[in-house]
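Participant: Residue numbers (this note's numbering), protein chains in the order written: chain A, 76 to 376; chain B, 15 to 335; chain C, 65 to 664. We put the beta carbon where it would ideally sit given N, CA and C, even for glycine. Bear in mind that the values here come from a model prediction, so they are computed numbers and not experimental data. For reference, the structure I am asking about is given below.
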Amino acid sequence: MSVVTDIAITPEPESLTTTSRRSGSVLRDALRLWRTRIGLVLVLGLTLLAGAGPFFAPHSPTDFAGPPFSNPSSAARFGTDYLGQDVLSRFLWGGREILVMAVLATAFGIILGAIVGLLAAYSRNWLDDVLMRGMDVILAFPQIMLALVAIATVGPKPWLIVLAVGLTTLPRVARVTRGAAQPIVARDFVASAEALGVPRIRILGRELLPNILSPLMVEVSLRLTYSIGLIAGLAFLGFATSTNGANWGTMINQNRVAVQAQPWGVVLPVIAIALLTIGTGLVGDGISRAAAGIDRGRSTG
Amino acid sequence: MHSGGIWGFILRRVLLGLLVLVIVSVLVFAATQALPGDPARAILGRDATPTSLAALRAKLHLGQPVLQQYWTWVTGLLHGDMGNSLANQEPVSTYLRPLLINSAFLVFLSGIISIPLAIGIGAYAAVRRDKAFDVSSSILTLLLAALPEFVVGVALVVIFATVVFQVLPAVAQIPPGGRPWDDLSGMVLPVVTLVIAVTPYVARIMRASMIEVLESDYVEMARLKGLDEHTVIIRHALPNALGPTFQVIAINLAYLAGGVIVVEYVFNFPGIGGALVDGVNNRDLPVVQALAMLIATLYVVLNLTADIATILVTPRMRTTL
Amino acid sequence: MTDDRTAPDAPSVVVAGLRIELTGSGRDVVDDVSFTIHPGQVMGLVGESGSGKTTVGLALLGHARRGVEIVAGSVRIDDVDVLALSEEQRRPLRGRVVSYVPQDPAAALNPALRIGTQLLEVLEAHDFGKSSAERNERVAEMMREVALPDDPKYLHRYPHELSGGQQQRVGLAMAFACRPRLIVLDEPTTGLDVTTQAHVLNTVRDLAGAHRVAALYVSHDLAVVSTLAERVAVMYAGRLVEVGESSELFADAAHPYTRRLVGAIPRLAGSRELVGIPGRAPSPGSRPRGCAFESRCAFVEDACRLELPPLRALDDGHMVRCLRAEEVRAHPMPFAGEAMAVSVPHGESVLSVQQMSAGYRGVTVLHDINLDLAPSECLALVGESGSGKTTLARSIAGLHAERSGRIVLHGEELVELARHRSRESRRRLQYIFQNPYGSLNPRRTIDQIVRQPLEVFGIGGSEANARVDEMLERVSLTAAYASRYPDQLSGGERQRVAIARALVSRPDVLICDEVTSALDVSVQAAIVELLGELQKSLDLAMLFVTHNLPLVRSIAQRVAVMSAGRIVELGAVDSVLLEPSDDYTKRLLADTPSLEAVQS
């Protein structure tokens, strides 16, 4: 058992206090902050773009719209890309894959990570050690590395990427959940439920889980931010579902060789990814602030 | 926790780290070589001829029992023999060594900039909490920390090398066999990208740790004893912030090691990141395996060092262990 | 060396019109506080939580915590007004002219620095002495003054290598180091065991007298204050309500609040009854226009509500903020009266502990405990921290696995962990925890919390509704509370919810583990009152765990005194407290501060 706090390689988000504020009120308070609102606007806007974009695309992503890397024209509002395909259309199509995969991977990591974290925090014995050592094994790599090793063996299959990204999210979420749950486990209302003989599963679900929702919500935003970055990054490296698929990450890589002549093929997807991750980051920070409370002053007299 | 004192603790942590590495090696090996199905066919593809398949199987020792394959591989690793690259037939160690040096240099340069920067920004923001510097740096770090590294890299290329300004090269131009320090202008953007990718997040952690120290009862007490602010910060706050600082440095380096992979690809920098991506593309398993073990070892060692340094710096832990 | 800067009768500390507000809101936390302290005198500042006493204490150093600011008033120490100075000018005064002893010594000492360093730096910061040799000599002298070893090896230690009492004495040494004119002590004995507390208090008294230092002792513990301070000021809702000589105050207080407060203090002689004060103190921002105590006062009349009564002097120099003080004094004090005899119940025991031992990770903390609880009896379990009383209570409740021996409830043997016990035995034995802020799930409503045992034991529907309503009423919580959440309730109210939860399934045995230790004195009295009444009306057997010896008289028939994991004395309350046979019990009684000593 480590005496030192388990910060190690996985950074924890800014110190969160698990307060007694209810999650509904935390979300409401978060929405009052300007940063959360801006973040939410960005996220919703870009999700809309990614989701509904294909319906507004003038061409299909693979249609020939002009010579490669040609300037904006009436056929291609933002010019063409490395194969002569319409940049605008590919851009409108390019967000779906990233977003869907990122959401799935994050969901996977959050759900399993929360379960592992709760189990580890509550068991307080050998199970805690075993689970956390298991997490250490996954944490022995940077997230992207594990995904790459997986891809090296089976190829860039979408389910594999989702699994790999989810798997690397899992231990990070588990660490945070465990850290948030440990002080709760030490509180007397948990002991009270134990004295009543409440089965352990119910204690996990009804006593512990509702009290860690705030830090968990922050983790959702944080992990979503990283998952988007990872999946877009993998696409950028050439590991997307198909090498010529319309994917913001892939687009950036495909078009950067001629970025000086025809910047739009790179600039549009860069701005889109940047705004999306900034949005999720702002929302996460807003929730974090609302949960921690604005005044951290000690009680008076 | 009184068994064996400090040395006992260090020994336990080292053994734990070794255990993690062993498990990692098993998993890496299993993922790459012990999968059901035929790895040789997976590597060479559907149109492989039976002869080439047989040759590859022999080279990968696929005929042997799995455990023996694993053993061969691990003992090889420990002797520095990482097998031969499937792509270019040379020993992996020879192939990787110059790349390792290049990447180490890149990480080193980025580290000596980002670590003091992160510690400085975080500590200063904490000391001047809620004032102008803190508020503005808080927003800035939040925004930059959210951006994926390749986005930062490409954006920098767009701004400084191609579209907006053209003052810096867009790719590193190191001749084969040359060294990164031969082309320092080409190092600028990769280093800046890494620094921007890593510093904000680490600065935020530093700020949080520092605030915790500054809000502590003993710092308040030091002020109530009439000590001047300088003494309060240097003598009372700083020693208690050291432990968290080591953790912060470890996190910083670990993040750099991870970020290097993508950033090298963006700038065509000849380092292990590029080797990894090539290896994945070519299904060059020995290279991928070797790099996975190298990075994992680095992480475990960083973790260990940070923990031990923290213990040594915290008197309470020193004496109760 | 005589210090003749001040004539012996002139006060060295004069506080006038102190007002402290929540930053930027205009709501006062402390208002119109004025008092004087003479050199060598200890003044007690007494109040319950939220009264503002700690804020006043810190203000004497010109310091305000995050979220509050000092807006008016003066603090003159030897004619220098601390509040009128700039922060830069104030700093040299702290530690040299006025110093502070904090509540939690462990937290106030820097864990990364040796205690020698921390002692020395006070001297260095204020240029005490002409050479480092002189300063080191002074440090050694300081250590002797507080009865700690003065050798370099000891000074080389880190704070965590000292016990709580030793840490606090280091804190005292640091405070007295530069021979300040005023020392502010903020509940410095909280968390210390009674014997260490007695030592620390003696040290404070001796040092203050010897060096002619004025001291302000801030505390919620009236018994402690009464043994140490010559004069006492009582605070309520941010204002002074009474100031006077401590002997007079406790024997014959003039303000209704002080009287009720004194009546709520557990005592070793006199009436056993503890009466609480209904309602709660108004928080900053919700203070009424008139007297702040009006909603809880038995003597209130219309004039009290119209306008804030001024702090006025009575005939004997006593100051009081009450329009009807003279009439109030005419009434007898609440604790007057004889102690009623207590009958010790007999009968077949409902709970029996036989040869029980328990440990933590192989270290034995309980040795061979034997105990029997008769039906409808209240047995108090008294001990200091580390005595094992909580381990014993938790083992009985099924929360501690590492034990041996037998626990028998109604003839049925209980296994170690609650979840392995039969439903019926779990229902019959219920447990109430110490910390009201941790024993209720913040995510559940009061109704859900009280209902939970019924759900576990399979009682639902209208029967459950009826029982929940009944219990809430029995603990004096209105139906409106049912839909509230714990963070909307005060500490006392939460503890009532915990009691309701424990009793809703109609157990036979109730274990109360330090259930009032985290509560204010007046709230403690109300809870003890409630528990006593419930015990009688519901025919409960009760095991009452506490470290507060006088409290035992107000609730229990028999008492078991524990020390180092063993029961050292067990018997009827009166015989144990009046004629203890064990040395440990005798020492405990001798070191326990009580009001009786002051009144005689």
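When you compare only the Cα positions, how much space is there between B/Leu241 and C/Val186?
Facilitator: Start at 1 with the first residue of the second sequence, and residue 241 of chain B comes out as number 227. Start at 1 with the first residue of the third sequence, and residue 186 of chain C comes out as number 122. Looking at the two C-alpha atoms, the distance is approximately 7 Å.
Participant: Could you tell me the boundaries of the alpha helix (DSSP H) in which B/Gln82 lies?
Facilitator: Indexing the second sequence from 1 puts residue 82 of chain B at position 68. 80-92 is the span of the alpha helix (DSSP H), which, as asked, contains B/Gln82.
Participant: In angstroms with no decimal places, state the Cα-to-Cα distance between B/Phe283 and B/Val185.
Facilitator: Reading the second sequence from its first residue, position 269 is the one you call residue 283 of chain B. Reading the second sequence from its first residue, position 171 is the one you call residue 185 of chain B. Their Cα atoms are separated by approximately 7 Å.
Participant: Can you tell me the Cα-Cα spacing of B/Val168 and A/Ala255, whole angstroms?
Facilitator: For this step, residue 168 of chain B is matched to residue 154 along the second sequence. For this step, residue 255 of chain A is matched to residue 180 along the first sequence. B/Val168 and A/Ala255: Cα-Cα distance of roughly 37 Å.
Participant: Would you mind reading off the limits of the beta strand (DSSP E) that contains C/Asn434?
Facilitator: Along the third sequence, read from residue 1 onward, the residue named residue 434 of chain C stands at position 370. Looking at the DSSP string, the run of the beta strand (DSSP E) that includes C/Asn434 is 427-437.
Participant: Indicate whether C/Leu473 and C/Val561 have their beta-carbon atoms separated by less than 8 Å.
Facilitator: As a position in the third sequence, residue 473 of chain C is number 409, starting the count at 1. As a position in the third sequence, residue 561 of chain C is number 497, starting the count at 1. For C/Leu473 and C/Val561, no; Cβs fall outside 8 Å.
Participant: What is the DSSP secondary structure of C/Phe608, reduced to helix, strand or coil?
Facilitator: Counting from 1 along the third sequence, the entry for residue 608 of chain C is found at position 544. C/Phe608 falls in the strand class under three-state DSSP.
Participant: Could you tell me which residues DSSP pairs with C/Ile471 in its beta bridges?
Facilitator: Position 407 of the third sequence, counted from the first residue, corresponds to residue 471 of chain C. C/Ile471 is bridged to C/Val417.
Participant: Report yes or no: is there a C-beta of chain C within less than 8 Å of the C-beta of B/Tyr269?
Facilitator: Taking the first residue of the second sequence as 1, we reach residue 269 of chain B at position 255. Not one chain C Cβ lies under 8 Å of B/Tyr269.
Participant: So the alpha helix (DSSP H) C/Met397 belongs to, where does it begin and stop?
Facilitator: As a first step, residue 397 of chain C is located in the third sequence; it is residue number 333 there, counting from the start. Careful: C/Met397 lies outside any alpha helix (DSSP H) and carries neither H nor E.
Participant: Which residues, taken in chain order from the segment 202-236 of chain C, show a beta carbon closer than 7 Å to some beta carbon of chain B?
Facilitator: So the close ones are Tyr222, His224, Glu225.
Participant: Roughly how many angstroms separate the alpha carbons of C/Thr656 and C/Val258, rounded to a whole number?
Facilitator: Residue numbering aside, residue 656 of chain C sits at position 592 when the third sequence is read from its first letter. Residue numbering aside, residue 258 of chain C sits at position 194 when the third sequence is read from its first letter. C-alpha separation (whole angstroms): 6 Å.
Participant: How close, in whole Å, do the beta carbons of A/Phe183 and A/Gly241 come, if the pair is a contact with beta carbons under 8 Å?
Facilitator: By 1-based counting over the first sequence, the position of residue 183 of chain A is 108. By 1-based counting over the first sequence, the position of residue 241 of chain A is 166. With a Cβ gap of about 3 Å, A/Phe183 and A/Gly241 count as contacting.
Participant: Below 7 Å CB to CB, which residues in the same chain sit around C/Glu448 once its five sequence neighbours on both sides are set aside?
Facilitator: Indexing the third sequence from 1 puts residue 448 of chain C at position 384. Contacts found: Asp257, Val258, His611.
Participant: Between C/Ala80, C/Ala461, C/Leu246, C/Lys600, which lies nearest to C/Gln494 when the distance is taken from Cα to Cα?
Facilitator: On the third sequence, residue 494 of chain C is found 430 positions in, with the first residue counted as 1. When each option's Cα is compared against that of C/Gln494, the closest is C/Ala461.
Participant: According to DSSP, simplified to helix, strand and coil, what is C/Phe99?
Facilitator: Walking along the third sequence from the start, residue 99 of chain C turns up at place 35. If DSSP states are grouped into helix, strand and coil, C/Phe99 belongs with the strands.
Participant: Is the separation between the beta-carbon of C/Arg178 and that of C/Tyr222 shorter than 8 Å?
Facilitator: Counted from its first residue, the third sequence places residue 178 of chain C at position 114. Counted from its first residue, the third sequence places residue 222 of chain C at position 158. Cβ atoms of C/Arg178 and C/Tyr222: closer than 8 Å.
Participant: Mind checking if B/Phe281 is an interface residue toward chain A, Cβ cutoff 8 Å exclusive?
Facilitator: Residue 281 of chain B sits at position 267 when you count from the first residue of the second sequence. No - not a single Cβ of chain A is within 8 Å of the one on B/Phe281.
Participant: Taking C-beta pairs closer than 7 Å, name the residues in chain B that C/Tyr164 reaches, listed in chain order.
Facilitator: Reading the third sequence from its first residue, position 100 is the one you call residue 164 of chain C. Chain B residues near C/Tyr164: Leu238.
Participant: So is B/Val277 in contact with chain A if we call contact Cβ pairs under 8 Å?
Facilitator: Taking the first residue of the second sequence as 1, we reach residue 277 of chain B at position 263. Chain A contact via Cβ: absent.
Participant: How would you label B/Ala146, buried or exposed, when you count the other beta carbons within 10 angstroms and need 16 or more for buried?
Facilitator: Residue 146 of chain B sits at position 132 when you count from the first residue of the second sequence. Exposed.
Participant: From the DSSP output, in three-state form, read off C/Val479 for me.
Facilitator: As a working mapping, residue 479 of chain C is identified with position 415 in the third sequence. DSSP places C/Val479 in coil when its eight states are reduced to three.
Participant: Are three or more beta carbon pairs between the segment 316-330 of chain A and the segment 113-125 of chain B nearer than 8 Å?
Facilitator: Too few Cβ pairs lie closer than 8 Å, so no.
Participant: Give every residue of the same chain whose Cβ lies closer than 7 Å to the Cβ of B/Val88, excluding the five residues on either side of it in the sequence, and list them in chain order.
Facilitator: The count along the second sequence starts at 1 and reaches residue 88 of chain B at position 74. Within the same chain, B/Val88 has close Cβ partners Ser39.
Participant: Jot down the residue ranges of each uninterrupted beta strand (DSSP E) in the segment 239-302 of chain C, minimum 3 residues, whole runs only, in chain order.
Facilitator: Within the segment 239-302 of chain C, the complete beta strand (DSSP E) runs of at least 3 residues are 246-250, 278-283, 295-300.
Participant: Which of the residues in the segment 202-221 of chain A, read from start to end, lie with their CB under 8 Å from any CB of chain B?
Facilitator: Hits within the stretch, in order: Arg208, Asp211, Val212, Leu214, Ala215, Phe216, Pro217, Gln218, Ile219, Met220.
Participant: Are the Cβ atoms of C/Arg570 and C/Thr509 separated by less than 8 Å?
Facilitator: For the purposes of this step, residue 570 of chain C is taken as the residue at position 506 of the third sequence. For the purposes of this step, residue 509 of chain C is taken as the residue at position 445 of the third sequence. In this structure, C/Thr509 does not lie closer than 8 Å to C/Arg570 by Cβ.
Participant: Any beta carbon of chain B sitting closer than 8 Å to that of A/Ile84?
Facilitator: Here residue 84 of chain A corresponds to residue number 9 of the first sequence, with the count starting at 1. Confidence at A/Ile84 is low in this model, with a pLDDT of 29, below 50, so the placement of that residue should be treated as unreliable; the coordinate-derived value is given next. Chain B contact via Cβ: present.
Participant: What residues of chain B sit near A/Val116, judged by a beta carbon separation below 9 Å?
Facilitator: Numbered from its first residue, the first sequence carries residue 116 of chain A at position 41. By Cβ distance, chain B contributes nothing, its closest Cβ being about 15 Å from A/Val116, past 9 Å.
Participant: Enumerate in chain order the residues of its own chain whose CB-to-CB distance from B/Thr328 is below 7 Å, with the five nearest sequence positions on each side excluded.
Facilitator: Along the second sequence, read from residue 1 onward, the residue named residue 328 of chain B stands at position 314. Once the five neighbours on either side are set aside, the close Cβ partners of B/Thr328 are Gly257.
Participant: May I ask which residues mark the beginning and end of the alpha helix (DSSP H) holding B/Ser199?
Facilitator: Translated into the one-based positions of the second sequence, residue 199 of chain B becomes position 185. 198-228 is the span of the alpha helix (DSSP H), which, as asked, contains B/Ser199.
Participant: Where does the unbroken beta strand (DSSP E) through C/Gly81 begin, and where does it stop?
Facilitator: Numbered from 1 along the third sequence, position 17 holds the residue referred to as residue 81 of chain C. Its beta strand (DSSP E) spans residues 77-86.
Participant: Under three-state DSSP, which class holds C/Leu613?
Facilitator: As a working mapping, residue 613 of chain C is identified with position 549 in the third sequence. Helix, per DSSP.
Participant: Beta-carbon of A/Pro133 versus every beta-carbon of chain C: anything under 8 Å?
Facilitator: The residue labelled residue 133 of chain A in the question sits at position 58 within the first sequence. It does not: the Cβ of A/Pro133 has no partner Cβ on chain C nearer than 8 Å.
Participant: Do you know whose CA, among C/Val568, C/Gly522, C/Ser196, lies nearest C/Asp511's CA?
Facilitator: By 1-based counting over the third sequence, the position of residue 511 of chain C is 447. For the residues C/Val568, C/Gly522, C/Ser196, the minimum Cα distance to C/Asp511 belongs to C/Val568.
Participant: Starting from A/Asp161, find everything on chain C with Cβ-Cβ shorter than 8 Å and list it in chain order.
Facilitator: Start at 1 with the first residue of the first sequence, and residue 161 of chain A comes out as number 86. Here the premise fails: no neighbours, minimum Cβ distance about 52 Å.
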